[in-house]
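Student: Handing you a structure now.
Protein chains: 4
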Amino acid sequence: MLSFASDYMETCAPEILKRLGELGKEKLAGYGFDRISESARNKIREAAGAPEADVYFLIGGTQTNATVIDTMLRPYEGVIAARTGHVSVHEAGAIEYGGHKVLELPSEEGKIRASQIAEYVDGYWADGNHEHMVMPALVYISQPTEYGSLYTLKELVEISRTCHEHHLALYVDGARLAYGLMAEGNDVTMKDLARLADAFYIGGTKCGGLLGEAVVFPKKNTVPHFFTMVKQHGALLAKGWAAGIQFDTLFTDGLYERLGKNADEKADRIRKVLDEKGYVQDIRNRTNQIFLILTKEKAEELSHKVELGFWENKDEDHVVMRIATSWATTDEEVDELVSLL
Amino acid sequence: MLSFASDYMETCAPEILKRLGELGKEKLAGYGFDRISESARNKIREAAGAPEADVYFLIGGTQTNATVIDTMLRPYEGVIAARTGHVSVHEAGAIEYGGHKVLELPSEEGKIRASQIAEYVDGYWADGNHEHMVMPALVYISQPTEYGSLYTLKELVEISRTCHEHHLALYVDGARLAYGLMAEGNDVTMKDLARLADAFYIGGTKCGGLLGEAVVFPKKNTVPHFFTMVKQHGALLAKGWAAGIQFDTLFTDGLYERLGKNADEKADRIRKVLDEKGYVQDIRNRTNQIFLILTKEKAEELSHKVELGFWENKDEDHVVMRIATSWATTDEEVDELVSLL
Amino acid sequence: MLSFASDYMETCAPEILKRLGELGKEKLAGYGFDRISESARNKIREAAGAPEADVYFLIGGTQTNATVIDTMLRPYEGVIAARTGHVSVHEAGAIEYGGHKVLELPSEEGKIRASQIAEYVDGYWADGNHEHMVMPALVYISQPTEYGSLYTLKELVEISRTCHEHHLALYVDGARLAYGLMAEGNDVTMKDLARLADAFYIGGTKCGGLLGEAVVFPKKNTVPHFFTMVKQHGALLAKGWAAGIQFDTLFTDGLYERLGKNADEKADRIRKVLDEKGYVQDIRNRTNQIFLILTKEKAEELSHKVELGFWENKDEDHVVMRIATSWATTDEEVDELVSLL
Amino acid sequence: MLSFASDYMETCAPEILKRLGELGKEKLAGYGFDRISESARNKIREAAGAPEADVYFLIGGTQTNATVIDTMLRPYEGVIAARTGHVSVHEAGAIEYGGHKVLELPSEEGKIRASQIAEYVDGYWADGNHEHMVMPALVYISQPTEYGSLYTLKELVEISRTCHEHHLALYVDGARLAYGLMAEGNDVTMKDLARLADAFYIGGTKCGGLLGEAVVFPKKNTVPHFFTMVKQHGALLAKGWAAGIQFDTLFTDGLYERLGKNADEKADRIRKVLDEKGYVQDIRNRTNQIFLILTKEKAEELSHKVELGFWENKDEDHVVMRIATSWATTDEEVDELVSLL
């Protein structure tokens, strides 16, 4: 059956499998000390305009978030995040497992504002009991957010400035970064992220890789002994090049951008039809996720023809269903979906 | 200077010091295996109507909450609490240090409702992604709450029933329990707590003891190996009787109740005068804490004559100040305070 | 340059890449709920003779050990392991990060004996202070060990019986299991492991897979909510089939055994030549690792012609170097190595 | 019955109870911000010759060790300790609960040597895989040790120098410090500890206080935000002065020394008689603990007349029993014991 249920259902860009096949029985050093991982790191440094950046390859968003956040914080520190953020809701308590509180802020369309951060931190320091409280020390945002929305460059600049004025670090979760970078109207580049954030990760799993997320610390040695703590978190690959080769391929000849663009364009086509046909979208964005408000009857009817992702109950009579396109979505699939709507 | 800043400023009930003095050089077994601790445990079992109860003596509310909550939960489980609860805000991340997320609910006057708990837990199970989320497994409430408010017996019965219908345990923080038990209009007894909760603690530090909190598990062996985990949490006293003697004394001849009653009556006297003089109280209760809304000028003026506790900024022009009476508050102190208002 | 430095330097069995390539744009469910992972689980259940087994696919030995051990233990419990065990030495404190003490026993050639376990546990219970100590609750062994040695079936039966008589669980790390199963003289099958251990893992990364380790709990529901705790440990793959397909392929047509056999046979050839030429081996085994005692001069001389793994300094004048064969080692490589010796 | 079972069986020095009684209803600030705690801190700073020292009052050895060690280490770091050290064996895994490995060294009479530390750390850095291992960062020793033995000044100077040359911090557990300071032949003063260690604690619980351990960081701000982490560990007392007053009293008019001296002198008297009567002592020291090797029959016989502490089984026929004197031991008790031997 036709499926738009999520963006991590297809293997990976064929270019990656081809590269893997060409390795043959070449012997590669372990733990990321191989030539391919080094090449991938250099390509990412160049793409990020951060020649001194420390780059590491981990596997999976939760692992990456938990490892980066835990190692950037001291035990008494916490991470500010949107109440709807992935680290707040959908990581099974991985941040708390590392000993840190997620300091949740109300969010709009998955985004938090610089002013909220300032208010929270000022409130912390103004509180006579703040030494009995978790100190905010890091801000976690995702670009795009879990709702597919994007921070504008202006918003990001403000958040970055607010963070640094308040002695907080800024960390950006880019699980779906390709889909953000290439979205119509997006004005935030990877170089902006490297300039404005203290750490970010470039998603591979959901953006055309078989697996892998590339953690980037634009400033060298941001987290001393990060390697050992990656090991301690169970996140170090013996065959580090298995992740490195994903990014070495994705960052060759603009593949990452092309894959991102495919998903966004397909989603835009679908959005256009939805608008024409009078469907209501819950949170509008231009990335690869569409949140469709449907009556329960309509959702039930559609479910026999196409697999969508269940998002949430909107009210008694309506549900929100998610349509996710991906790097692999074809025109034929979109045609078929459109014909069903 | 006159002070109503908090309820843990005075040593302890003279009866306790007397008992300590009488020990002389008696040799007592360590780690709670002494005759005094055993006597205290039995008196608490009787007061709670729970002859099989496991009773342990710890020191300090944060330690007690962190130890009980951590040991009652499995790693994937979290604790539901009011967003304003002590475990949510004022324990420096002690619950998260133990690896657990505090699942915060909005609260009114420090209280959460059975219906909120049911809605949260039902929502968890209804969520298709709940296996990626922290499982709610324990409800934390405080009696009285941080705002001095009290759950009625009806509310507590409902919360208890909701918890157990949803396979959650119920834990009650009684840091100021004496002041709750003896408050005008309170209808919740210690026997009710033992009947309705899976664990609760009887506060000593703020209720007339030099230190110490008595953890009560009404059902035997609720937490196997709790003793060892108390040790692991750094919460085991070599001189266990130093805490045990507090409760052995407090639970003799109704001392705990008398001390509680003193604070509540003094607070009631103050509340009466405040009403007569037209002061506005923020959250009305009948326990030992009064939250007074004052203009910043009035607060500043008062601060030269009496020490109150700063609670929070109400708005641009007003602050909330806390008046706390205690087991030790005298009529003379109340007279003096009243004369200043 | 010729290299026998380790067994995780080559990509993976070509059969696996072929399967990956054949997936094309097939859409597969996430988090292990796909048809390929299910097929792999069934093949493993059959190979292990454990039709009810719970099987999960994780990535990397440290992650697997940390997740299994942490979730099998309660907070007051610890894991018994050889002092030279991987969890004791080479996991950067991952077990302790999860809050558990590794209770280290002296070992011989990487192995511990049933009698040592019994003695340790009996000593624990006999100690009047055992409630102040970490309770032994799980035994960790590796098959083969870090030194390539193997437990015999008799030894394993004794360890298993001792564990269960003493109320300990038994967990076997099979990072190099293929090389153990196929070693000359080995009498321990996968069915034996499933019968004797409470949990074990089948190594993929070092035995022909691109990545992946298959955790097997022979008894259903050994660890309730393991899935959520895998997520909490950052060990859950969105593209679960990326690991599942490794094992689905490895457990088809005896591939896992063939790959294991190749490494062992190549190592046996090398051992034979070493003996003939009078080299001294430190710890003799029949699996894929050879530990060669060399003078520093000889080691230096060899290092210009072949890459070996440095193991340790033996004494002032001698070092131990490791020769590791793998699933991919060819006769030509062995010939070349032999010619250098 | 006569008891020499341990040194934490009697209440506390009468001077402390007297001081507590004199407080009456004086109102004291919370969390250690009171005049008495400040006075105690100053007296300790003076006794330690460390005018800038940060001093905190915690309760109990395990709590103190876990809090200090956890807050002095980064997540990838571990603590070196004697295999027989309290943190290694008798704290129920409290160090591991904080996420850190105890790197155990063999010890002689409870002591480790500077050369062992150097060898361990050099070995760590020389190991090609050290980035996969727990980095040694802190050395834990106790003075006196769990066996009552003492480091000489020369040994301590060497350990301190070795630590600092190898970039390790040094932490000294002084649970029984009074008994070490006053022991015949001891040449290590509190000023030496402050000069040579990065942190140490002065035991109150076992040395005449009702409770309390004073943590001393000779250099200001050794652990930034220690206060908040004390809270996070559940180790912050609301009535901080309850611990502060112990040390304010113990450090007035040489009380701490007098109490220590009493125990040591009483132990020396007993040791003299034991020698005269031909008893065999297991580990000879001049502090307050005597380890007596007895046949099981003799131990059984004695157990009807005097309570001793069981230490361990020496061999099939012999046990080691501990005689502990304390600050409170009287000549009459010693006479009675001597008459039984």
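Chains as they are written, first to last, in numbering that gives the first Met the number 0: chain A, 0 to 340; chain B, 0 to 340; chain C, 0 to 340; chain D, 0 to 340.
For every residue, glycine included, the Cβ atom is placed at its ideal position computed from N, Cα and C.
Using beta-carbon positions only, say whether D/Trp326 and D/Cys162 come within less than 8 angstroms of one another.
Tutor: Position 327 of the fourth sequence holds residue 326 of chain D. Position 163 of the fourth sequence holds residue 162 of chain D. For D/Trp326 and D/Cys162, no; Cβs fall outside 8 angstroms.
Student: Pick from C/Ala196, C/Gly147, C/Leu176 and C/Tyr146: whose alpha carbon is nearest that of C/Ile158?
Tutor: The residue labelled residue 158 of chain C in the question sits at position 159 within the third sequence. For the residues C/Ala196, C/Gly147, C/Leu176 and C/Tyr146, the minimum Cα distance to C/Ile158 belongs to C/Ala196.
Student: For a test of the three-state rule: what should DSSP assign to D/Val222, helix, strand or coil?
Tutor: As a working mapping, residue 222 of chain D is identified with position 223 in the fourth sequence. Coil at D/Val222, not helix or strand.
Student: Could you give the distance in angstroms between the alpha-carbon of B/Ile15 and the alpha-carbon of B/Phe250?
Tutor: On the second sequence, residue 15 of chain B is found 16 positions in, with the first residue counted as 1. On the second sequence, residue 250 of chain B is found 251 positions in, with the first residue counted as 1. Those two C-alpha atoms are separated by around 11 angstroms.
Student: Using a Cβ-Cβ cutoff of 7 angstroms, what residues of the segment 219-233 of chain A are near chain D? List them in chain order.
Tutor: Residues His224, Phe226, Thr227, Met228, Lys230 and Gln231.
Student: My guess is that A/Gln231 and D/Tyr75 are in contact by the Cβ rule of under 8 angstroms, so how many angstroms apart are they, rounded?
Tutor: Here residue 231 of chain A corresponds to residue number 232 of the first sequence, with the count starting at 1. Here residue 75 of chain D corresponds to residue number 76 of the fourth sequence, with the count starting at 1. That belief holds up - the Cβ atoms of A/Gln231 and D/Tyr75 are roughly 6 angstroms apart, short of 8 angstroms.
Student: Please check if any C-beta of chain C sits within less than 8 angstroms of the C-beta of A/Val203.
Tutor: In the first sequence, residue 203 of chain A corresponds to position 204, counting from 1. The displayed chain sequence assigns Gly, not Val, to residue 203 of chain A. So, not an interface residue.
Student: Name the DSSP bridge partner or partners of D/Glu212?
Tutor: Counting from 1 along the fourth sequence, the entry for residue 212 of chain D is found at position 213. Looking at the DSSP assignment, D/Glu212 forms a beta bridge with D/Leu57 and D/Gly202.
Student: For B/Tyr75, go through chain C and note every residue whose CB falls closer than 8 angstroms to its CB, in chain order.
Tutor: Reading the second sequence from its first residue, position 76 is the one you call residue 75 of chain B. In chain order: His224, Thr227, Met228 and Gln231.
Student: Rounding to the nearest angstrom, what Cα-Cα distance links B/Lys295 and B/Val156 in this structure?
Tutor: Reading the second sequence from its first residue, position 296 is the one you call residue 295 of chain B. Reading the second sequence from its first residue, position 157 is the one you call residue 156 of chain B. Distance between the alpha carbons of B/Lys295 and B/Val156: 41 angstroms.
Student: Relative to chain B, which residues along the segment 75-105 of chain D have a C-beta separation below 9 angstroms, given in chain order?
Tutor: Result list: His89, Glu90, Ala91, Gly92, Ala93, Glu95, Tyr96 and Gly97.
Student: What residue range does the beta strand (DSSP E) around C/Ile322 cover?
Tutor: By 1-based counting over the third sequence, the position of residue 322 of chain C is 323. Here the beta strand (DSSP E) through C/Ile322 covers His317 to Ala323.
Student: Is it the case that the Cβ atoms of B/Gly77 and B/Pro13 are separated by a distance below 8 angstroms?
Tutor: By one-based count along the second sequence, residue 77 of chain B stands at place 78. By one-based count along the second sequence, residue 13 of chain B stands at place 14. No, these two residues do not count as a Cβ contact at 8 angstroms.
Student: By the DSSP assignment, the alpha helix (DSSP H) with B/Gly122 in it spans what residues?
Tutor: The residue you call residue 122 of chain B lines up with position 123 of the second sequence. Where B/Gly122 is concerned, the enclosing alpha helix (DSSP H) stretches over Ala113 to Ala125.
Student: Assess contact between the segment 102-117 of chain B and the segment 252-264 of chain B, defined as three or more Cβ pairs (one per stretch) separated by less than 8 angstroms. Is contact present?
Tutor: Judged by Cβ distances under 8 angstroms, the segment 102-117 of chain B makes no contact with the segment 252-264 of chain B, as fewer than three pairs qualify.
Student: What does A/Gly127 touch in chain B if you count any residue whose Cβ is under 8 angstroms from its own?
Tutor: As a working mapping, residue 127 of chain A is identified with position 128 in the first sequence. Those are Phe309, listed as they occur along chain B.
Student: Name, in chain order, the residues that DSSP records as bridge partners for D/Ser302.
Tutor: By 1-based counting over the fourth sequence, the position of residue 302 of chain D is 303. Bridge partners of D/Ser302: none, in fact.
Student: According to DSSP, is C/Thr248 helix, strand or coil?
Tutor: Residue mapping note: residue 248 of chain C aligns to position 249 of the third sequence, counting from 1. Of the three classes helix, strand and coil, the one that applies to C/Thr248 here is helix, per DSSP.
Student: Given this structure, state the Cα-to-Cα distance separating A/Asp33 from B/Met132, to the nearest angstrom.
Tutor: Position 34 of the first sequence, counting from 1, holds the residue named residue 33 of chain A. Position 133 of the second sequence, counting from 1, holds the residue named residue 132 of chain B. For A/Asp33 and B/Met132, the distance between alpha carbons rounds to 36 angstroms.
Student: Determine, for B/Met0, whether the minimum Cβ-Cβ distance to residues of chain A falls below 8 angstroms.
Tutor: For the purposes of this step, residue 0 of chain B is taken as the residue at position 1 of the second sequence. B/Met0 does not count as touching chain A.
Student: What are the boundary residues of the alpha helix (DSSP H) that includes A/Ile269?
Tutor: Counted from its first residue, the first sequence places residue 269 of chain A at position 270. Note, A/Ile269: alpha helix (DSSP H), Leu254 to Glu275.
Student: Between B/Ala234 and B/Thr66, which are expected to be in contact by the criterion C-beta below 8 angstroms, what is the C-beta distance as a whole number of angstroms?
Tutor: For the purposes of this step, residue 234 of chain B is identified with residue 235 of the second sequence, where counting begins at 1. For the purposes of this step, residue 66 of chain B is identified with residue 67 of the second sequence, where counting begins at 1. With a Cβ gap of about 5 angstroms, B/Ala234 and B/Thr66 count as contacting.
Student: Below 6 angstroms CB to CB, which residues in the same chain sit around C/Phe56 once its five sequence neighbours on both sides are set aside?
Tutor: For the purposes of this step, residue 56 of chain C is taken as the residue at position 57 of the third sequence. If we look at C/Phe56 and ignore the five residues flanking it on each side, its Cβ neighbours are Gly211, Ala213, Ala242 and Gly243.
Student: Would you say the segment 280-295 of chain B touches the segment 143-153 of chain B, given that touching needs at least three Cβ pairs under 8 angstroms?
Tutor: A contact exists between the segment 280-295 of chain B and the segment 143-153 of chain B.
Student: Go through the segment 133-180 of chain A residue by residue and report every complete run of the beta strand (DSSP E) that reaches 3 residues or more, in order.
Tutor: Taking only runs of at least 3 residues, the beta strand (DSSP E) segments lying wholly in the segment 133-180 of chain A are 134-141 and 168-173.
Student: Does the Cβ-Cβ distance between C/Ile111 and C/Leu104 come in under 8 angstroms?
Tutor: Locating residue 111 of chain C in the third sequence gives position 112, where the first residue counts as 1. Locating residue 104 of chain C in the third sequence gives position 105, where the first residue counts as 1. Against a cut-off of 8 angstroms, the Cβ pair of C/Leu104 and C/Ile111 comes out as a contact.
Student: Considering only the beta carbon of each residue, do C/Tyr139 and C/Ala80 sit closer than 8 angstroms?
Tutor: Position 140 of the third sequence, counted from the start, is the residue given in the question as residue 139 of chain C. Position 81 of the third sequence, counted from the start, is the residue given in the question as residue 80 of chain C. Going by C-beta atoms, C/Tyr139 is nearer than 8 angstroms to C/Ala80.
Student: C/Thr221 to C/Met181, Cα distance in whole Å?
Tutor: Here residue 221 of chain C corresponds to residue number 222 of the third sequence, with the count starting at 1. Here residue 181 of chain C corresponds to residue number 182 of the third sequence, with the count starting at 1. The straight-line gap from Cα to Cα measures roughly 28 angstroms.
Student: By the criterion of Cβ-Cβ separation under 8 angstroms, what are the contact partners of B/Val133 in chain A?
Tutor: As a working mapping, residue 133 of chain B is identified with position 134 in the second sequence. Within 8 angstroms Cβ-Cβ: Ala91, Gly92 and Glu95.
Student: Exposed or buried, what is D/Ala125 when buried is set at 16 or more other beta-carbons lying within 10 Å of its beta-carbon?
Tutor: Looking up residue 125 of chain D in the fourth sequence gives position 126. Exposed: under 16 other Cβ atoms inside 10 Å.
Student: Kindly indicate the opening and closing residues of the alpha helix (DSSP H) around C/Gly20.
Tutor: Looking up residue 20 of chain C in the third sequence gives position 21. First-last of the alpha helix (DSSP H) with C/Gly20: Pro13 to Leu22.
Student: Taking only the alpha-carbon atoms, compute the straight-line gap between A/Gly173 and A/Ser38 and give it to the nearest angstrom.
Tutor: Here residue 173 of chain A refers to the residue found at position 174 of the first sequence. Here residue 38 of chain A refers to the residue found at position 39 of the first sequence. Going by the C-alpha atoms only, they are around 21 angstroms apart.
Student: Reducing DSSP to helix, strand and coil, say where B/Asn284 ends up.
Tutor: As a position in the second sequence, residue 284 of chain B is number 285, starting the count at 1. Three-state DSSP puts B/Asn284 in coil, outside helix and strand.
Student: What span of residues does the alpha helix (DSSP H) with A/Asn41 cover, start to end?
Tutor: Within the first sequence, the letter at position 42 stands for residue 41 of chain A. Arg34 to Ala46 is the extent of the alpha helix (DSSP H) around A/Asn41.
Student: Which of helix, strand or coil does DSSP assign to D/Val187?
Tutor: As a position in the fourth sequence, residue 187 of chain D is number 188, starting the count at 1. The answer is coil: DSSP assigns D/Val187 none of H, G, I, E or B.
Student: Taking a contact to mean a Cβ-Cβ separation below 8 angstroms, would you say D/Leu192 touches D/Gln245 in this structure?
Tutor: Locating residue 192 of chain D in the fourth sequence gives position 193, counting from the first residue. Locating residue 245 of chain D in the fourth sequence gives position 246, counting from the first residue. Cβ distance not < 8 angstroms, so D/Leu192 and D/Gln245 don't count as in contact.
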